[in-house]
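Asker:
Residue numbers (the numbering used here): -12 to 575.
Written out as structure tokens, the structure reads:
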């Protein structure tokens, strides 16, 4: 599908900005009706109402709100969480419906019109609410089934304006390639303006809004074509001879020939590329030739040297097969790099390993793609974008694979702060000293995660348990959390959910990857708060002048020996004197 047209992008921006204002106003009113901020429940509350309020308050603590000595509680973070989840459930439902992916629990595709017809029998106020319920059931990795916020309903006078906003968007918005990438950028735009105008130092609560930027598709493709594309082309014998004559100065002296821009393939896609063509393929069969030439034409931004090899190199240090290849985006935002990598890798694995489309989709999700993101809400959008790409991917007949449960996605929030006390965390170890130590280290390491995110390096305090035992640690947490939920302890359950997410993030942060590709966050040292400034000073002193160069350092740490880092970032560190020591260190 084509990218979102400019006029539709402006319309989407207007709708999303209005939706955030309206949904946050409605969410705060809903939480106040449940006495979440009050020190005591309202007198007319039933036992069930009191239990629900207690769950909401525990969810607020998990979101980062504080409980005061008089037992009243902040609700700012919970308000934002509820507003985000309510609106995005509706939004994701519309995305699913417009792409013929919205599923009834019985396994049948339904439209929004059919949801409207079914609403009375399903005890839903209308079709939008029912569609949102269906969407949340389809996306358990995005909307936790046990999340109490999914049970908060807004009254009609608050809900209907949101539904009208969503209904006013044309269907093209929901089928364009890059719409999901713009959604969260627009959701954060007002907050970003407020933070920038305030002049305050940027901390964990404001960092995502200020540093998240939409990455244009050509930037993503350029980096992936000149890494994955270059490696795969070299491995399959693709060579491109020089086709440009040396340029002449006015004096007649030859200038170095320019590197070739893309491929000089025949316009007739059915014509076999031969050795006489400037771009030729040395392979063993016609079928192999046709596929490789077809893929080569898709590497639009792949650059070549005059000797016919990829300009970025042959990537000899990479593994020999795609099964062993891993790619991390440590600042994955709404998943742009992950989705582009997904489309590329699925096709390549179908060819290399003779996999079906379904098998290749599952293999890529399970083995190749990994994402970290400081903002939990943005992590949800990345997961949804990747799931949509998997469901829409064409099968061998060109038809979308359609909805089905997917393998667990390797996407985690690296900015999840700790919730509760260390004693509450260690209780999950149930007397096991090795797991108790692991829980203590998780707790200490992620104290400042909302500000540091993917900069955190668990390997700096790692021992055998910490580097090798995360799956076992997470398994223990899963089991303990199930026991906690059956006991009806919402506060302890909230602690466990936070610990689960942190354990998953830590497991991804201890690994090394073949390719690290991302658009790093930018933030000059003068705008950094004390936590971030001190961490960069201690961990990356030569790169401390900007968060971007700090992330360059961390990205290099994420790379395995022989691996590659490909980043969108400012160029000033390449020539400014303040980075001279840094450049020397990188080159020596």
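Think of the CB as a built atom: it goes at the ideal place given N, C-alpha and C, for glycine as much as any other residue.
The structure presented is a predicted model; accordingly, all values stated were derived computationally and were not measured.
1. My guess is that residue 487 and residue 461 are in contact by the Cβ rule of under 8 Å, so how many angstroms apart are they, rounded?
2. For residue 381, which beta-bridge partners are listed by DSSP?
3. By Cβ distance below 6 Å, which residues in the same chain neighbour residue 523 in space, the five residues on each side in sequence not counted?
4. Leaving aside the five residues before and after residue 603 along the sequence, list all residues of the same chain whose C-beta is less than 6 Å from its C-beta, in chain order.
5. Measuring alpha carbon to alpha carbon, tell me which residue in 199, 343, 515 and 227 is nearest residue 293.
6. According to DSSP, residue 316 sits in a beta bridge with which residue or residues?
7. Using a Cβ-Cβ cut-off of 7 Å (strictly less than) and excluding sequence neighbours within five positions of residue 514, which residues of its own chain qualify?
8. Less than 8 Å between the C-beta atoms of residue 28 and residue 15, yes or no?
9. So the beta strand (DSSP E) residue 503 belongs to, where does it begin and stop?
10. Judging by CA-CA distance, which residue of 390, 316 and 489 is the nearest neighbour of residue 555?
11. By how many angstroms is the C-alpha of residue 184 removed from the C-alpha of residue 194?
12. Considering residue 554, what are the terminal residues of the beta strand (DSSP E) in which it resides?
13. According to DSSP, residue 400 sits in a beta bridge with which residue or residues?
14. Identify the continuous alpha helix (DSSP H) that holds residue 492 and give its terminal residues.
15. Drop a sphere of 10 angstroms on the beta-carbon of residue 42, count the other beta-carbons inside from all chains shown, and report buried for 16 or more, exposed for fewer.
16. Does residue 301 pass the burial test, meaning 16 or more other C-beta atoms within 10 Å, or should it be called exposed?
17. Please state the DSSP three-state secondary structure of residue 628.
18. Using the Cα positions of residue 586 and residue 362, report the straight-line distance between them to the nearest angstrom.
19. Drop a sphere of 10 angstroms on the beta-carbon of residue 549, count the other beta-carbons inside from all chains shown, and report buried for 16 or more, exposed for fewer.
20. According to DSSP, is residue 512 part of a helix, a strand, or is it coil?
21. Looking only at C-alpha atoms, which of 69, 296, 343 and 396 sits nearest to residue 325?
22. If we ignore side chains and look at the alpha-carbon of each, how far apart do residue 563 and residue 406 end up?
23. Where do the ends of the alpha helix (DSSP H) carrying residue 558 lie?
24. Considering just the uninterrupted stretch of the alpha helix (DSSP H) at residue 116, what are its terminal residues?
25. Please check if any C-beta of chain C sits within less than 8 Å of the C-beta of residue 134.
26. According to DSSP, is residue 452 helix, strand or coil?
27. Ordered along the chain, which non-local residues of its own chain (more than five positions away) have a Cβ less than 6 Å from that of residue 606?
28. Rounded to whole angstroms, what's the CA-CA distance from residue 82 to residue 124? Just pull it up for me.
29. Can you find the residues in the same chain that come closer than 7 Å, C-beta to C-beta, to residue 540, ignoring five residues on each side of it along the sequence?
30. Please classify residue 68 as buried or exposed, where buried requires at least 16 other C-beta atoms within 10 Å of its C-beta.
31. Tell me the DSSP secondary structure of residue 273 in three-state form.
32. Let me know if residue 31 comes out buried or exposed under the rule of 16 or more other beta-carbons within 10 Å of its beta-carbon.
33. Can you say whether residue 181 is buried or exposed, counting buried as having 16 or more other CB atoms within 10 angstroms of its CB?
34. What does a CB cutoff of less than 6 Å around residue 172 pick up in its chain, not counting 5 residues either side in sequence?
35. Quick check for students: name the residue ranges of the alpha helix (DSSP H) that lie wholly in the segment 32 to 103, counting only runs of 4 or more.
36. Buried or exposed for residue 44, please, with buried defined as at least 16 other CB atoms from any protein chain shown within 10 angstroms of its CB.
Answerer: The answer reads as follows:
1. By 1-based counting over the chain shown, the position of residue 487 is 500. By 1-based counting over the chain shown, the position of residue 461 is 474. Residue 487 to residue 461, Cβ: 7 Å. Contact.
2. Along the chain shown, read from residue 1 onward, the residue named residue 381 stands at position 394. Bridge partners of residue 381: 387.
3. As a first step, residue 523 is located in the chain shown; it is residue number 536 there, counting from the start. Here residue 523 has 531 and 537 as same chain residues with Cβ atoms under 6 Å from its own Cβ, once five neighbours each way along the sequence are excluded.
4. Since the first residue of the chain shown is -12 and the last is 575, residue 603 is not available in this structure.
5. Within the chain shown, residue 293 is the residue found at index 306, counting from 1. Checking every option, the nearest Cα to that of residue 293 belongs to 227.
6. Counting from 1 along the chain shown, the entry for residue 316 is found at position 329. According to DSSP, residue 316 bridges with 358.
7. For the purposes of this step, residue 514 is taken as residue 527 along the chain shown, with counting starting at 1. Apart from the 5 residues on each side of it in sequence, residue 514 sits with its Cβ closer than 7 Å to the Cβ of 188 and 189 in its chain, given in chain order.
8. The residue you call residue 28 lines up with position 41 of the chain shown. The residue you call residue 15 lines up with position 28 of the chain shown. No, the pair does not count as a contact, with Cβ atoms beyond the cut-off.
9. For the purposes of this step, residue 503 is identified with residue 516 of the chain shown, where counting begins at 1. It spans 500 to 506 - the beta strand (DSSP E) in which residue 503 sits, taken as one unbroken run.
10. In the chain shown, residue 555 corresponds to position 568, counting from 1. Of the listed residues, the one whose Cα sits closest to residue 555 is 316.
11. To locate residue 194, count along the chain shown from 1; it is residue 207. To locate residue 184, count along the chain shown from 1; it is residue 197. Using only the alpha carbons, I get a separation of about 14 Å.
12. Locating residue 554 in the chain shown gives position 567, where the first residue counts as 1. DSSP places residue 554 inside the beta strand (DSSP E), whose first and last residues are 546 to 555.
13. For this step, residue 400 is matched to residue 413 along the chain shown. When DSSP reads this structure, residue 400 sits in a beta bridge with 360.
14. As a position in the chain shown, residue 492 is number 505, starting the count at 1. Start and end: 477 to 496.
15. Looking up residue 42 in the chain shown gives position 55. It counts as buried.
16. As a first step, residue 301 is located in the chain shown; it is residue number 314 there, counting from the start. Classification for residue 301: exposed.
17. In the structure displayed, the chain extends from -12 to 575; residue 628 sits before or after that span and is not available.
18. Limits of the chain in this structure are -12 at one end and 575 at the other, which puts residue 586 out of reach.
19. On the chain shown, residue 549 is found 562 positions in, with the first residue counted as 1. Around the C-beta of residue 549, fewer than 16 other C-beta atoms lie within 10 Å, and the residue is accordingly described as exposed.
20. For this step, residue 512 is matched to residue 525 along the chain shown. Here residue 512 sits in helix by DSSP.
21. Sequence index remark: in the chain shown, residue 325 carries index 338 (1-based). For the residues 69, 296, 343 and 396, the minimum Cα distance to residue 325 belongs to 396.
22. Taking the first residue of the chain shown as position 1, residue 563 is located at position 576. Taking the first residue of the chain shown as position 1, residue 406 is located at position 419. Taking the Cα positions, residue 563 is about 41 Å away from residue 406.
23. For the purposes of this step, residue 558 is identified with residue 571 of the chain shown, where counting begins at 1. Bounds of any alpha helix (DSSP H) do not take in residue 558, whose DSSP letter is neither H nor E.
24. For the purposes of this step, residue 116 is identified with residue 129 of the chain shown, where counting begins at 1. Going by DSSP, residue 116 is part of the alpha helix (DSSP H) stretching over 114 to 125.
25. The structure shown has no chain C; it contains just one protein chain.
26. Within the chain shown, the letter at position 465 stands for residue 452. Residue placement at residue 452 is poorly supported in this model, since its pLDDT is 45, which falls under 50; the coordinates still yield a value, given next. Of the three classes helix, strand and coil, the one that applies to residue 452 here is helix, per DSSP.
27. Any question about residue 606 goes unanswered here, given that the chain covers just -12 to 575.
28. For the purposes of this step, residue 82 is identified with residue 95 of the chain shown, where counting begins at 1. For the purposes of this step, residue 124 is identified with residue 137 of the chain shown, where counting begins at 1. Approximately 15 Å, taken between the alpha carbons.
29. Taking the chain shown and counting its residues from 1, the one referred to as residue 540 is at position 553. 527 and 530.
30. In the chain shown, the residue the question calls residue 68 occupies position 81. Under this definition residue 68 is a buried residue.
31. Numbered from its first residue, the chain shown carries residue 273 at position 286. At residue 273, the pLDDT of 43 sits below 50, so the modelled position is not reliable; the number obtained from the coordinates is stated separately. Residue 273 falls in the helix class under three-state DSSP.
32. Here residue 31 refers to the residue found at position 44 when the chain shown is read from its first residue. Looking at its Cβ environment, which holds fewer than 16 other Cβ atoms inside 10 Å, residue 31 is exposed.
33. Position 194 of the chain shown, counted from the first residue, corresponds to residue 181. By the 10 Å Cβ count, residue 181 comes out exposed.
34. Position 185 of the chain shown, counted from the start, is the residue given in the question as residue 172. 201, listed in sequence order.
35. Every alpha helix (DSSP H) of 4 residues or more that sits fully in the segment 32 to 103 is shown, in chain order, as 34 to 50 and 63 to 85.
36. Residue 44 sits at position 57 when you count from the first residue of the chain shown. By the 16-neighbour rule on beta-carbons within 10 angstroms, residue 44 is buried.
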